[in-house]
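Just remember that UniProt numbering sits 332 ahead of the position in the sequence shown, which is counted from 1. All C-beta atoms, glycine included, are put in the ideal place defined by N, C-alpha and C.
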Amino acid sequence: LRAKYAPIIREDDYLEGIVVLLQDITEYEKLENMRKEFVANVSHELKTPLTTIKSYTETLLDGAIEDKPLAKRFLDVVVSESDRMTRLVQDLLQLSNLDYKQGKWNKKEIDINDIVKNAVLKLEVSAKNKRQHFNYTICDDTVHVFADKDRIEQVILNILSNAIKYTAEEGQIEVQVELKNNFVQIIIKDNGIGIPKKDLPRIFERFYRVDKARSREMGGTGLGLSIAKQIVEAHEGSIKIFSEEEKQGTTVMITLPTVDEENLALS
Ligand code: ADP
């Protein structure tokens, strides 16, 4: 606690009282620590690929360029590390947009089935490449939500690509859209490596990863889930992740409010 004092003095100099302001700075300190940790993480994540790019390029300049197959392998690494940096910067820009441009949502009445279908179409090939079994069930009826189409699609893409990334070849991935009373649930379930219980409470934090090396190897930035959560919450929805045990797979449930057609007709 931080205390500040100010006397209240009347015109005839009589001390009438003292105002004491007690400020709880734990929240402030917590935020400040989070900010420092974030900057440290960003620097580290950018530095790692840069170091690799530099050392591979130097080795090429030192003569490795003469050995054609070796040079090609080195250059492939340079390209993939540059791609990683691009993805990281894109995710960071997206987070910064979410942080500072809260008002700039392009929300419209849309059918969530279409968004899920689009996302599935975009990622079906990656799942097929891993010979994963990919099922999706959408609702028979249209499900109207008031949402920013591109951003909700981004959420589904982030979750679905995680399911593909963290599930072995020939694994199972299911996507379901279920309409409840006044909300819709999008459930994405895999039978992949799962998430240990101890990591679940922190899994939506920026840069939090169960296995940093594995995530990097899979091309992850550690920002996908935190971006997803921020977008869903800006739509008055919620996102939950369940994973009973390691190797038992992971289920992500996104809940979004539906447009109340009756109220809409009345208004
Ligand atoms: P990343 O870019 O590392 O995938 P995310 O923010 O999308 O970052 O996810 C954070 C971490 O959560 C991942 O590194 C991974 O450890 C874990 N994770 C997310 N989705 C799954 C999943 N479907 N199965 C297993 N682990 C997952």
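- In the DSSP annotation of this structure, Val477 is not part of any alpha helix (DSSP H); the continuous beta strand (DSSP E) holding it starts and ends at His476 to Asp480.
- Cβ contact annotation for Asn438 (same chain, cutoff 6 Å, sequence separation greater than five): Asp480, in chain order.
- Here Leu420 is buried, its C-beta having at least 16 other C-beta atoms within 10 Å.
- Here Lys336 has Leu353 as same chain residues with Cβ atoms under 6 Å from its own Cβ, once five neighbours each way along the sequence are excluded.
- The nearest non-hydrogen atom of ligand 1 is 6 Å or more from the C-beta of Asn461.
- Check the Cα spacing between Ala459 and each of Leu489, Lys440, Thr474 and Asp482: the tightest is with Leu489.
- Unbroken beta strand (DSSP E) stretches of 3 residues or longer found wholly inside the segment 357-403: none.
- Phe466 and Gln504 have their C-alpha atoms roughly 6 Å apart.
- In the structure shown, the three-state DSSP call for Asn438 is coil.
- From the listed residues Leu492, Glu377 and Asp522, the smallest Cα separation to Thr582 is found for Asp522.
- Exclusion of Tyr468 from the 6 Å shell around ligand 1 follows from its C-beta lying no nearer than that to any non-hydrogen atom of the ligand.
- Here Phe478 is near Glu441, since their CB atoms are less than 7 Å apart.
- As DSSP reads the structure, Lys521 sits in a beta bridge with Glu506 and Thr583.
- By the neighbour-count criterion, in which 16 or more other beta carbons inside 10 Å mark a residue as buried, His376 falls on the exposed side.
- With fewer than 16 other Cβ atoms inside 10 Å of its own Cβ, Lys433 counts as exposed.
- Classified as exposed, Gly349 has fewer than 16 neighbouring CB atoms from the shown chains inside 10 Å of its CB.
- Lys572: member of the beta strand (DSSP E) spanning Ser570 to Phe574, first to last residue.
- Between Gln517 and Met417, the C-beta spacing is not below 7 Å.
- The beta carbon of Ala403 sits closer than 8 Å to those of Leu392, Ala396 and Ile397, all from its chain and outside the five residues before and after it, given in chain order.
- Exclusion of Asp423 from the 6 Å shell around ligand 1 follows from its C-beta lying no nearer than that to any non-hydrogen atom of the ligand.
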